[in-house]
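348 is the number that numbering that gives the first Met the number 0 gives the last residue of the sequence shown; the numbers go up by one with no jumps. Every residue, glycine too, gets a C-beta built ideally from N, C-alpha and C. Remember, predicted model here, so these are calculated numbers, not experimental data. Here is the structure we will look at.
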Amino acid sequence: MALHPVVLCGGFGTRLWPASRPGRPKQFLPLTGPNSSFQETLLRLAGLGAERPIVVTGPAMADEARAQAKAVGVEPVLLIEPEPRNSGPAAAAAAAYVKALDPEGVILLLAADHHIGEPEKFCKAARLAAQAASAGRIVTFGLKPDRPATGYGYILPGERLSEGVFAVQTFVEKPDPETAKRYVAEGRLWNSGNFAFRADVLLAEMAAFEPAMAEAAEAAVRAASGDGGVLRLDPQAFARAPAKSIDYAVMEHTKCAAVVMADFTWSDLGAWPAIRDAGEPDANGNVVTGEARLVDVKNSLIRTDGPLVAAIGVEGLAIIVDGDAVLVCPLDRAEEVKAIAEQLKARER
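Given below as structure tokens:
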């Protein structure tokens with residue numbers, strides 16, 4: 000069984016404005032250490048003995064993806080999306096590409112912008128997932144929730160299939176707050192947004208539930224241009240794919256779903272509170288990057304790429320200084336920064 004890692008690297012991370020912007024999205028930023036989350040994702044693959052990684056990204060990010068991969072000693076294949084169409088078409092295009100190379104190849108589909116601790120635990124879970132995928136399952140990595148978040152999918156595990164792997168009884172994407180609270184109480188798992196599946200199995204399921212997406216992705220690969228290191232998907236064909244996540248397109252409908260019970264530390268680094276949680280706090284619960292002077296400050300995130308930040312008598316704040324912009328907000332309202340980013344985009348700022 001050949002394992003083909005596919006890294007989805009096309010998002011913009013607007014909830015991490017002002018650090019994450021269209022010209023430098025969050026997966027390329029060193030948010031939790033010296034390497035970017037994209038680089039950490041590539042480095043985690045070293046313990047799996049997998050095939051050459053495939054990175055799905057956009058034309059504006061291709062050079063940065065190649066440069067960052069080279070900096071950590073990796074030479075991926077770049078699969079260039081002509082436009083972002085969400086994770087469903089990206090996964091389908093990667094599956095079509097792998098199927099042409101290896102008809103029964105297993106894909107390990109990873110997000111480029113997640114933080115995963117304990118790489119040895121990740122590799123163990125990935126091997127279990129790959130084995131289940133080789134038998135025809137579409138496998139996700141499930142994690143025990145620590146709060147009733149509304150931004151994740153929730154998985155109810157069913158019968159045990161093999162060591163650490165269970166059939167998925169139900170999969171519900173992004174429930175409302177009350178439903179999320181009930182799901183946590185019921186012991187449902189978060190979907191981490193990382194998957195393992197045989198290329199042919201995913202394409203067959205997508206053809207059943209989203210035939211236009213499957214057709215467009217396969218046509219885009221057939222008509223792609225480029226060489227062995229860079230493949231540019233055909234724009235006309237790819238544009239026919241509905242913009243939909245793999246969760247909504249396949250996982251909520253398929254009878255092939257399975258879940259690995261993962262126990263590694265995980266965060267999607269989706270907003271500033273997640274960056275604070277992934278960092279190393281000082282004695283007062285503050286996570287500081289850059290030069291700062293703090294007096295009676297608690298449980299805050301302070302990041303600056305240059306100017307000195309001074310804060311006195313505050314608690315639970317995000318204070319982010321990045322280039323020409325400053326963000327100050329309560330950490331528990333940091334998700335709302337997406338609205339600021341959208342306002343700026345509308346004004347072409």
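Contact between the segment 217-236 and the segment 262-279 is absent: fewer than 3 CB-CB pairs across the two stretches fall below 8 Å. Excluding the 5 residues flanking it on each side, residue 4 has same chain C-beta neighbours closer than 6 Å at 44, 49, 52, 107, in chain order. For residue 137, DSSP records a beta bridge to 256.
Under the 8 Å Cβ criterion, the segment 130-138 counts as touching the segment 194-208, having at least three qualifying pairs.
Around residue 247, the same chain offers 172 as residues with beta carbons nearer than 7 Å, after the five sequence neighbours per side are excluded. Boundaries for residue 16: no alpha helix (DSSP H) harbours it, and the DSSP string shows neither H nor E there. Shown here, residue 122 sits in a helix according to DSSP, grouped into three states. The C-beta separation of residue 239 from residue 215 comes to about 4 Å, placing the pair in contact by the 8 Å criterion. Under the DSSP definition of a beta bridge, residue 172 partners with 152.
By the criterion of a C-beta distance shorter than 6 Å, residue 104 is surrounded in its chain by 1, 3, 97, 198, once the five residues flanking it on both sides are discounted. Residue 196 sits in a strand when the DSSP states are folded into three classes. For residue 167, DSSP records a beta bridge to 156.
Selection 165, 166, 154, 316 evaluated against residue 183 yields 154 as nearest (Cα-Cα). Annotation: the continuous alpha helix (DSSP H) that includes residue 40 extends over 36-43. Following the DSSP letters along the chain, one finds residue 276 in no beta strand (DSSP E) but inside the alpha helix (DSSP H) bounded by residues 271-277. DSSP, read as helix, strand or coil, puts residue 302 in strand.
Its chain contains 84, 85 as the residues whose beta carbon lies nearer than 6 Å to that of residue 242, once the 5 sequence neighbours on both sides are disregarded; these appear in chain order.
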